[in-house]
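If you want our numbering, it's the 1-based position in the sequence shown plus 378.
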Amino acid sequence: MKKAVLIFTFLVISLISYGQKRVNVPGTKVWMVPPEGATKSKDFTGFQVGEYAAIQIMDLVGGNFYTNTRNYKKENFEAKGIKVLDFQKLTIAGYPAIYAHLKGAEPLSSHQLVFGDSTFSTSLMANYASFDKELGQKVKKSIFSVVYKKDHKVDPFAHASFRLDDRNTKLKFKNYSANMYYYTIGDDDQAKQNKQFLIAYPLPKDGISSMKDIAKQAILEMGKYGFTATEVIEDKAKKINGYQAQEIIVKGRVKDKLTYVFVTIIENGNNQVLLQSMHVGEKFDKQVFTELTNTIRFKK
């Protein structure tokens, strides 16, 4: 019965959304009807909805919905102390999907929708203040209005708050996915070895965490991918093109391979960009990464 109610609710939302203008979320293949009063965010991919809500979209082209959602389970959320108000498998825009309504630490609640196939995986996270149930329904209605256009060509830099100039650098722009800009050295075969690369992605500024805290957290996150730190080589604040920045270089290992992780976070007003680099092997050359990082310019 609960599933039937959810399907009926989805049909009602779809009918309400029909005829309303869907807009493209810049940097994605997603079209949706934003909530009334929503504005496209300059700090993340998605919409800011007043003071108490935001819809963030991650469009992972080349990803795999089935493998990416293998651990997306009700019991895994509950194991982390998150209250699961609803959890369903359904079909969205013709693709298999999972919907979750979660209640985390006060005052945060979230409607989450993940859908895709073996060639892409897209997630929409609508966070809102728990005390505003009407707002919660508005953002839910919005994410359920989603349509996905596989053939749409994405301009990866159209919505970016920053630019990196790779015309005279060893690292070259390779691809863009899920709000991340991937730079590598050499041809496709060399790139696949993942011995030297840089990933740049914008971060919403939370007003709490310092740049040093964020940079350190980025190093810790590398532990999920098998990196074990053994030595901090450098940790300093500096300026890059007049912008405040924090650099951390850490030496460690991934399995039996010597690995260097180089993290730089750069801030301009409410905009932050995290540049996360990795070098596998001996002969780490910091300049390979800084020559690209030092070209950063924020858009006005």
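Cβ coordinates follow ideal geometry from the N, Cα and C atoms, glycine included.
Treat the numbers as computed from the prediction; the structure is a model and nothing was measured.
Nearest neighbour of S588 by Cα position, chosen from E484, V532, E625 and T608, turns out to be E625. Closest in C-alpha terms to V411, from the list K481, Q515 and S520, comes S520.
Look at T445 here: in three-state DSSP terms it is helix. In the pairwise beta carbon analysis, the stretch 468-478 is classified as touching the stretch 513-531: at least three pairs are separated by under 8 Å. Counting every other CB atom within 10 Å of its CB across the protein chains shown gives G415 a total below 16, marking it as exposed.
For the pair A556 and D421, the Cα-to-Cα distance works out to about 14 Å. For K635, the closest alpha carbon among the candidates I644, K664, S419 and G604 is that of G604.
With contacts defined by Cβ atoms closer than 7 Å, M558 and Y579 form a contacting pair. In this structure V517 is buried. Its beta-carbon is surrounded by 16 or more other beta-carbon atoms within 10 angstroms. Just so you know, the alpha carbons of Y506 and Q426 end up roughly 10 Å apart. Taking 7 Å as the cut-off, the beta carbon of F676 is found closer than this to the beta carbon of N646. Under a 10 Å Cβ-count criterion, I586 is classified as exposed, with fewer than 16 other Cβ atoms of the shown protein chains found around its own Cβ.
In the same chain as L486, and ignoring 5 residues on each side of it, the C-beta atoms closer than 7 Å to its own belong to N505 and S508, in chain order. Residue range K452 to A457 is occupied by the alpha helix (DSSP H) that includes A457. Cβ-Cβ distances below 6 Å link A615 to Q624 in the same chain, with the five nearest sequence neighbours on each side left out; the list follows chain order. For D464, the enclosing beta strand (DSSP E) covers residues K461 to I470. When the five nearest sequence neighbours on each side are left out, the beta carbons in the same chain lying within less than 8 Å of the beta carbon of A471 are those of F493, V524, V525 and Y526, in order along the chain. Non-local beta-carbon contacts of S655 in its own chain, meaning distances under 6 Å to residues more than five positions away in sequence, involve L576, F640 and F667 in chain order. Judged by DSSP secondary structure, I644 falls outside any alpha helix (DSSP H) and instead within the beta strand (DSSP E) spanning K635 to N646. A536 has its alpha-carbon roughly 13 Å from the corresponding atom of K678. Annotated as distal: I592 and Y621, with beta-carbon spacing of 7 Å or more. Contact between K548 and Y560 fails: their C-beta atoms lie close to 15 Å from each other, not under 8 Å. T673 places its beta carbon 7 Å or farther from that of L653.
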